[in-house]
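Colleague: What follows is a single structure, and I will ask about it in a moment.
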Amino acid sequence: MTTASFDSDRRSAGPELEPFLDALGRVTGKQPRRVGKEWRALCPVHGDTNESLNVAVGDRQPVVAICRSHACEWGDVLSALGFEAPRRAAVHRPTVTPAAPAKTKKAESQQLGKVVAEYRYVDAAGELLYTVTRFDPKDFRQKRPDPEKPGRWRWNLDGVRRVPYRLPELTAAIAAGSVVHLVEGEKDADTLAGLGLAATAHAQGAKNWRAEYAEFFAGAHVVVFPDNDGEGRAWADAACTDLVPVAASVRRVELPDLPPKGDVTDWLAGDRDIEDLERLVDEAPVLTRESADADAAHYEVDAAGMYVTLTGRQRTRLSNFSARIVEDAISDDGVEERTAVTLAVTLGGQTKNVVVSPVSDLANPAKWSMTAFGAAARTEVVRSAADHIRAAVQTLSPPVPRRHIYGHTGWRDVGGRRAYLHGGGALGPDGPVPAVQVDLPPALSPAELVPPADRMAAVTAVLGSLQLLELAPDTVTVPLLGAVWRSVLAPSDFGVWLTGGTGAGKSQLAALAQAHFGAGFTSSTLPGSWSSTGNALEELAFLSKDALLVIDDFAPTGNAADISQLHRTAERVIRAQGNGAGRARMSRDLKVLAPRPPRGTLLGTGEDVPRGQSLRGRLLICHLDRGALDWNALTPAQQRADGGLYAQALAGFVIYLAGRPELLDSHTKRVAARRAELRLAGAHSRTPTTVAELTVAWEALADYAVAIGALTAADRTALLARVGAALRTAAEAQAAEQAETDPAKRFVALVRAALSSGRAHLASPNGHEPDVPGAWGWQGGNPLDEGRAQGVRIGWVTRLGAYLEVTTVMAVAQDMARQLGEPLPVVGRTLTQRLFEAGLLASRDETRKTHHVRLTAQGTRQKVLHLALATLGGGDEGLALDGVAEPS
């Protein structure tokens, strides 16, 4: 159509259609053409090439447009054209209202011609799944019952299980051992069924055979009849390839003397009968898997690309590139194994390697070829080109050995023996284990252990490591070095936390501990940072199996949201470490995946400590005061780390452990024994176990040092005594800190602060100023005038104690806690229970078995918490009992 004729036809379409047609031409690049009272256009939604969109003026709405090919939704068409569906007509743009999909035979015939047949697809029980409607002129559409509007249809197959046509008859024929006839279309299936044969087809024609259809033919004797055209033969190729592995037998019958595009109905119409058809079936050979594959495709490669030759067809180019498999590998992270292949992709004489993972992505050649060569790599527009390219690559590639690549550190069974994985391979009882490959993420890539050359080198390395104890107080260096030795024994459920002000040397000291796992670790290349995302840190903690993981620089700064986010990240990582559990994960197909818990030992550093009593209970906290680090001794220690001395010390220890697997296997029992010996007053319930863990690790290291001659028995005894004293001191200091974070004690402290700062007050039971008003939040006053109450009244006070109104006092305390940046982790009944457990309640209601009591104050009964005056810092001198009914 010329531009002039289109413009003339468009104007004649009327004001309703003209803007719509303009948009279609502009968006699709092809002007709509008029056919009778309708317009035919390219559908702007699905990449149309066949003018599948019918456009016309509707009876009850200005514009009707139906996509005959893909049944594209009206809203999608509008969006593609830049329109919206307005509620009322605009002045200068068309009112485009979606037409409901053809719901009646009359509407269908108006848009798609006359309905000549409807083919019902049902499940094995005969329940309707969907229907294929055939029109004249020849066209097809699929519809399914609308689950939200009984009796109406949705013109698509979204979410519907696809099944073969005449499924109940197919199932019965297979059960009876009858031959099943597979044809391209429903009309042909009905033709054969009319002759008494079991026949089936599938929806949407030859281009839409699905491999999943093959499962319905399990155990069947199948005969496949292709139409006489290229599409028919390609359909039969695909169907036979999928059917041969599952069916009892498969035959393929090419009907003789068919006209172009002719089918089995056309063949039978030519004065032939069922006996003629059955004779051809009997003469057709039974296909085997090899013959089906051989008949289906033959692949070739030359400098111009990859080619396929299908049975009865010419050689067809699949791509302008070629590829071959040069490496086949399994990546093993200890929980999941992922396969990957490396392809050598060649285009225009150049070859580049591309890693394809998962291997199923071989079926997506556009992805991996464009990764290698960008837009220059081209996959031809050929039916099943992607599948053919995958098959060609696999068929034409020479055999390659499969390699096993580990993706984590730590202990694994390799070749039937215990071995420790690191970035450079693996260490066993005899030293390096040959032919073990480990591929770690960049953050862990410096993790390489180099075994000492001989016993004297091992002695030098261990003694050099022990010299690190002198860099700072024992309460710091003993836990830090202990975490190094402990980490290689097994996954742990605790961490060590090094805290101190800026410039104290936290990162430098932590880097020396991390350098035991590789000389490449320095204060600037520590594996983790608290500024990273929780997901990234959890993955590092998972891959750092049986190893130390330093996460550096916990420094809450910025606005309140930034600070809260940092604390949430720390809580997530530390809680996972303490619980030994990873978060549940789900795949894209909604399958629950194996969790990825932390598997090493955490060493965190920061200017602050993460919030929460429970969280801190999972850590052994070490304070590095400014000036406590020996900076003069630090530089030589860093030089030894750069030279790999500390990595040699750990490598020797690991080799020693590999030859004594009973030490690894009995670790839990030895910790339990040490735990039973410890008596740490006031400590968190987890702290004694943490101390026992580090003690057992130091004992193992000391035994190794004695075994190689680095320490004498007396040296060992002295070292372990020093270790025990340092760990006990650190634990006792932490117990005092834990008490300060106890929610019950913090609550009392916050209430006292609210009273002393004027944010709250306590009144006498009659609502007036109490005796000793300054102690209970009152200001000023003289002997003749009552003082002024400050802030919110949170309760009442008598000589028998303070009576706190539950809801109000908890709100005031929590508000103050939030302003201080550390909200109370528990409130309400839980906090009340904690107050009772801590002995901070002066009385409770024994009759009702509740922790609060009832008090009559200011004329009403109140629910209150009863605390002793001394608990809130007040005395009882001069306090009156006026107007109070004592608690009951």
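Taking full-length UniProt numbering, I'd label the letters of the sequence shown as residues 1 to 888.
Cβ coordinates follow ideal geometry from the N, Cα and C atoms, glycine included.
#1: Nearest to residue 260 by alpha carbon, out of 231, 274, 283?
#2: Do you know whose CA, among 702, 771, 709, 733, lies nearest residue 723's CA?
#3: Across which residues does DSSP place residue 305 in a beta bridge pair?
#4: Look at residue 763 and residue 802 and say whether their C-beta atoms are less than 8 Å apart.
#5: Taking residue 761 as part of the beta strand (DSSP E), name the residues at either end of that continuous run.
#6: Kindly list the residues whose CB is nearer than 8 Å to the CB of residue 455, restricted to its own chain and excluding five residues on each side of it in sequence; keep chain order.
#7: Label residue 866 either buried or exposed according to how many other C-beta atoms from any shown protein chain fall within 10 Å of its C-beta, with 16 as the threshold for buried.
#8: Can the beta-carbon of residue 547 be found closer than 8 Å to that of residue 526?
#9: Any contact of the stretch 71–81 with the stretch 40–56, i.e. 3+ C-beta pairs under 8 Å?
#10: Please report the straight-line C-alpha distance between residue 370 and residue 197, rounded to a whole angstrom.
#11: Let me confirm a value: residue 404 is counted as buried when at least 16 other C-beta atoms fall within 10 Å, else exposed. Which label applies?
#12: According to the neighbour-count rule (16 or more other Cβ atoms, all chains shown, within 10 Å of its Cβ), is residue 283 buried or exposed?
#13: Is the stretch 752–759 in contact with the stretch 840–847, if contact means three or more CB pairs nearer than 8 Å?
#14: The alpha helix (DSSP H) spanning residue 149 covers which residue range?
#15: Excluding the 5 residues preceding and the 5 following residue 655 in the sequence, name in chain order all residues of the same chain whose CB lies nearer than 7 Å to its CB.
#16: Which residues in the same chain have their Cβ closer than 8 Å to the Cβ of residue 889, if we skip the five residues on either side of it in sequence?
#17: Quick one: measure Cβ to Cβ for residue 483 and residue 496, integer angstroms, because I've assumed they're closer than 8 Å.
#18: Hey, would you say residue 422 sits closer than 8 Å to residue 449, going by beta carbons?
#19: Within a Cβ cutoff of 6 Å, which residues of the same chain sit near residue 892, ignoring the five residues on either side of it in sequence?
#20: Judging by CA-CA distance, which residue of 67, 498, 191 is the nearest neighbour of residue 626?
#21: Could you tell me the boundaries of the alpha helix (DSSP H) in which residue 578 lies?
#22: Any contact of the stretch 198–210 with the stretch 156–170, i.e. 3+ C-beta pairs under 8 Å?
#23: Hey, how far is the Cα of residue 824 from the Cα of residue 856?
#24: Between the alpha carbons of residue 388 and residue 379, how many angstroms are there, rounded?
#25: Note down, in chain order, each residue of its chain lying with its Cβ closer than 7 Å to the Cβ of residue 408, except the 5 sequence neighbours on either side.
#26: With a 10 Å radius around its C-beta and 16 neighbouring C-beta atoms as the bar for buried, classify residue 444 as buried or exposed.
#27: At what residues does the alpha helix (DSSP H) containing residue 18 begin and finish?
#28: Kindly confirm or deny that the stretch 339–347 and the stretch 552–559 touch, where touching means at least three C-beta pairs closer than 8 Å.
#29: Nearest chain C C-beta to residue 650 closer than 8 Å, yes or no?
#30: Check for me: the alpha helix (DSSP H) holding residue 535 runs from which residue to which?
#31: Please classify residue 679 as buried or exposed, where buried requires at least 16 neighbouring CB atoms within 10 angstroms.
#32: Can you give me the Cβ contacts of residue 106 inside the same chain, cut-off strictly under 6 Å, excluding the 5 residues immediately before and after it?
#33: Please state whether DSSP places residue 331 in a helix, a strand or coil.
#34: In angstroms, rounded to a whole number, what distance separates the CA positions of residue 808 and residue 442?
#35: When DSSP labels each residue in this structure, what does residue 208 get in the three-state scheme?
#36: For residue 380, does the three-state DSSP call read helix, strand or coil?
Modeller: Once the coordinates are examined:
#1: For this step, residue 260 is matched to residue 260 along the sequence shown. With distances taken between Cα atoms, residue 260 lies closest to 231.
#2: The sequence position of residue 723 within the sequence shown is 723, counting from 1. Answer by Cα proximity: 702.
#3: By one-based count along the sequence shown, residue 305 stands at place 305. 302.
#4: Taking the first residue of the sequence shown as position 1, residue 763 is located at position 763. Taking the first residue of the sequence shown as position 1, residue 802 is located at position 802. Cβ distance not < 8 Å, so residue 763 and residue 802 don't count as in contact.
#5: As a working note, residue 761 is residue 761 in the sequence shown. From DSSP, the beta strand (DSSP E) with residue 761 extends over 760–763.
#6: Residue 455 sits at position 455 when you count from the first residue of the sequence shown. Spatial neighbours of residue 455 in its own chain (CB-CB distance under 8 Å, excluding positions within 5 residues in sequence) are listed in chain order as 708, 709.
#7: Locating residue 866 in the sequence shown gives position 866, counting from the first residue. Taking all protein chains in view, the Cβ of residue 866 is crowded by 16 or more other Cβ atoms within 10 Å, so the residue is classified as buried.
#8: By 1-based counting over the sequence shown, the position of residue 547 is 547. By 1-based counting over the sequence shown, the position of residue 526 is 526. The Cβ atoms of residue 547 and residue 526 lie no closer than 8 Å to each other.
#9: At 8 Å Cβ cutoff, the stretches touch.
#10: Residue 370 sits at position 370 when you count from the first residue of the sequence shown. Residue 197 sits at position 197 when you count from the first residue of the sequence shown. Across the structure, residue 370 and residue 197 are spaced so that their CA atoms are roughly 49 Å apart.
#11: Numbered from 1 along the sequence shown, position 404 holds the residue referred to as residue 404. With fewer than 16 Cβ atoms within 10 Å of its Cβ, residue 404 is classed as exposed.
#12: Numbered from 1 along the sequence shown, position 283 holds the residue referred to as residue 283. By the 10 Å Cβ count, residue 283 comes out exposed.
#13: Verdict: no, contact absent.
#14: For the purposes of this step, residue 149 is taken as the residue at position 149 of the sequence shown. Careful: residue 149 lies outside any alpha helix (DSSP H) and carries neither H nor E.
#15: Position 655 of the sequence shown, counting from 1, holds the residue named residue 655. Answer for residue 655: 427, 429, 431, 451, listed in chain order.
#16: Only positions 1 to 888 of the chain appear in the structure, and residue 889 is not among them; the question remains open.
#17: Locating residue 483 in the sequence shown gives position 483, where the first residue counts as 1. Locating residue 496 in the sequence shown gives position 496, where the first residue counts as 1. About 5 Å separates the two Cβ atoms, so the contact holds.
#18: Counting from 1 along the sequence shown, the entry for residue 422 is found at position 422. Counting from 1 along the sequence shown, the entry for residue 449 is found at position 449. Contact check for residue 422 against residue 449 passes: the beta carbons are separated by less than 8 Å.
#19: Only positions 1 to 888 of the chain appear in the structure, and residue 892 is not among them; the question remains open.
#20: As a working mapping, residue 626 is identified with position 626 in the sequence shown. Comparing Cα-Cα distances from residue 626 to each of 67, 498, 191, the minimum goes to 498.
#21: Taking the first residue of the sequence shown as 1, we reach residue 578 at position 578. Per DSSP, the continuous alpha helix (DSSP H) segment holding residue 578 begins and ends at 560–579.
#22: In short, these stretches touch, since the Cβ pair count reaches three.
#23: Numbered from 1 along the sequence shown, position 824 holds the residue referred to as residue 824. Numbered from 1 along the sequence shown, position 856 holds the residue referred to as residue 856. Approximately 29 Å, taken between the alpha carbons.
#24: The count along the sequence shown starts at 1 and reaches residue 388 at position 388. The count along the sequence shown starts at 1 and reaches residue 379 at position 379. Going from the Cα of residue 388 to the Cα of residue 379 covers about 11 Å.
#25: Here residue 408 refers to the residue found at position 408 of the sequence shown. Short of 7 Å from the beta carbon of residue 408, and not among the five residues preceding or following it, lie these beta carbons of its own chain, in chain order: 333, 334, 421, 543, 545.
#26: Numbered from its first residue, the sequence shown carries residue 444 at position 444. Taking all protein chains in view, the Cβ of residue 444 is crowded by 16 or more other Cβ atoms within 10 Å, so the residue is classified as buried.
#27: By one-based count along the sequence shown, residue 18 stands at place 18. Run containing residue 18: 18–28, per the alpha helix (DSSP H) assignment.
#28: No contact exists between the stretch 339–347 and the stretch 552–559.
#29: The structure shown has no chain C; it contains just one protein chain.
#30: Here residue 535 refers to the residue found at position 535 of the sequence shown. First-last of the alpha helix (DSSP H) with residue 535: 534–543.
#31: Taking the first residue of the sequence shown as 1, we reach residue 679 at position 679. Flag for residue 679 reads exposed.
#32: Along the sequence shown, read from residue 1 onward, the residue named residue 106 stands at position 106. Because the pLDDT at residue 106 is just 41, under 50, the model does not fix this residue reliably, and the point stays unresolved.
#33: Along the sequence shown, one-based indexing puts residue 331 at 331. Residue 331: strand per DSSP, three-state reduction.
#34: Working through the sequence shown from its first residue, we reach residue 808 at position 808. Working through the sequence shown from its first residue, we reach residue 442 at position 442. Taken atom to atom, the span from the alpha-carbon of residue 808 to that of residue 442 is near 53 Å.
#35: What you label residue 208 is simply residue 208 of the sequence shown in a count that begins at 1. Residue 208 falls in the helix class under three-state DSSP.
#36: Indexing the sequence shown from 1 puts residue 380 at position 380. DSSP places residue 380 in coil when its eight states are reduced to three.
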